[in-house]
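>
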Amino acid sequence: MCSVNEGEPFLSLEVVPLSVPVSSDFRRRVFSFPEGDFLKYCMQCSLCSSVCPVARVVEGFNPRRILWEVFLGLEDNVVDNGNVWLCLSCHLCMELCPMKVKVSHVIMLLKNIAAEKGKVPDGLLEEIKYIFKTGRSMPLSPAIDKRRTALSLPPLPGVDVEEVQTLLRKLKFPFNEEGEKK
Ligand code: SF4
Ligand code: SF4
């Protein structure tokens, strides 16, 4: 049975100070995008996290939590811990969300915000540099050619590297061609 001692409050609410800064500008910015505006319908049911293939294998990756941190304006958390880069953009979360929240689009938006701040994982930067130089995301090898022939597939067409470079430059990516922050 529950008992309350005389003089003690029945319910004690403790205010715990946040140890991370809160940015209302960040929150406003995410909500100002058409995809971000859908966040207001999120009821934190966690369906997105339960179907996410990354959350199943990577401890600490949780799309519902990412959205909650956006709500709270915890920009440093969202941008610094690098979790958004683990998202595969498979869009399963968005397909199944009962409230039609654009979860994966919001995560893409957060990746853009992280990139603006220079918070891009090294491995990804290397890949971007490679695409810039060759127009391809991975090197071709005789083994790939052999496998394509075995599968009766035609040889891979050539790539117009200059066109790829023009497109990448237009993206205003905040890194130079050597992968250094501009
Ligand atoms: S985004 Fe959708 S699925 Fe995920 S917690 Fe919010 S309402 Fe639930
Ligand atoms: S889009 Fe990203 S967050 Fe959504 S289910 Fe796929 S990997 Fe998970």
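Everything in the sequence shown is counted per my numbering, starting at -3 for the first residue and increasing by one. C-beta: ideal position from N, C-alpha, C; glycine also.
1. Contact check, I62 vs V80 under 8 Å by CB: the rounded distance?
2. Report the rounded CA-to-CA distance for C93 versus G131, giving the unit in angstroms.
3. How would you call E71, buried or exposed, if buried means at least 16 neighbouring beta carbons within 10 angstroms?
4. Can you grab the Cα-Cα spacing for the pair D156 / S42, in whole Å?
5. Can you name, in chain order, every residue of its own chain whose Cβ lies under 6 Å from the Cβ of C(-2), other than the five neighbours on each side?
6. Near V50, which residues of its chain fall below 7 Å by C-beta distance, leaving aside the five closest residues on each side in sequence?
7. To the nearest angstrom, how far is it from the Cα of Q40 to the Cα of P150?
8. Give the range of the alpha helix (DSSP H) segment to which Y37 is assigned.
9. Give the residues whose C-beta lies closer than 7 Å to at least one heavy atom of ligand 2, in chain order.
10. Out of V75, V99 and R143, which one is the CA nearest neighbour of C44?
11. Helix or strand or just coil, what does DSSP make of K166?
12. When you measure from the CB of L63 to every non-hydrogen atom of ligand 1, does any distance come out below 7 Å?
13. Hey, would you say the C-beta of V97 is under 7 Å away from at least one heavy atom of ligand 1?
14. Select from D141, M90 and K107 the residue whose C-alpha is nearest the C-alpha of P153.
15. What number of angstroms, rounded off, separates the C-alpha of Y37 from the C-alpha of K96?
16. Using three-state DSSP, classify E55 as helix, strand or coil.
17. What three-state label does DSSP hand D21 in the structure shown?
In this structure, then:
1. 7 Å
2. 35 Å
3. buried
4. 44 Å
5. Note that C(-2) scores 42 on pLDDT, short of 50, meaning its location in the model is unreliable; the coordinates nonetheless yield the value given after this. So no residue of the chain qualifies.
6. F57, L82, C83 and L84
7. 48 Å
8. Note, Y37: premise wrong, no alpha helix (DSSP H); not H, not E.
9. C44, V47, C48, P49, V50, A51, P59, C83, L84, S85, C86, H87, L88, C89, M90, V99, S100 and I103
10. V99
11. helix
12. yes
13. yes
14. D141
15. 8 Å
16. coil
17. helix
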